[in-house]
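Residue numbers for the sequence shown, in my numbering: 2 to 72. C-beta atoms are modelled at their ideal positions from N, C-alpha and C, and glycine is treated no differently. Small disclaimer: the values here were computed from a predicted structure and weren't measured.
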Amino acid sequence: MADIFYETEDGHWFDYDDIFVWLAFKMKELKQEGGSDEDVLEYFPNEDFEGELGQIDRWKRMILKLIKDYQ
């Protein structure tokens, strides 16, 4: 089992395997609701996150590109 590293405001726990899929889902939702690229890239639901922000930012940029490529 991977190390748990993140808890959302709703109390859900994620590890590095889960967070990419979860971010993709939430970012796609925001984009479908008319969110700008900047809004989507800034989205992160927990101000207390203490994980690897650089990796998360790279993933968010990859996800945004995939979302835009498939629209």
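One or two residues paired with residue i in a DSSP bridge
i: Tyr7; result: Phe15
Distance between beta carbons of residue j and residue i, contact taken as under 8 Å
i: Lys29; j: Ile57; result: Lys29 to Ile57, Cβ: 16 Å. No contact.
Contacts around residue i, its chain only, beta-carbon distance under 6 Å, and the 5 residues preceding and following it disregarded
i: Phe21; result: Trp60
i: Glu8; result: Trp14
Cutoff 7 Å; reference residue i; Cβ partners in own chain excluding five residues on either side
i: Leu65; result: Met28, Asp38, Val41, Leu42
i: Trp23; result: Phe15
Neighbourhood of residue i by C-beta distance below 8 Å, restricted to the same chain and skipping five residues each side
i: Gly35; result: none
**Asked** When the Cβ atoms of the segment 25 to 45 are set against those of the segment 54 to 69, are three or more pairs found closer than 8 Å?
**Response** Yes: the two stretches touch, three or more of their Cβ pairs being nearer than 8 Å.
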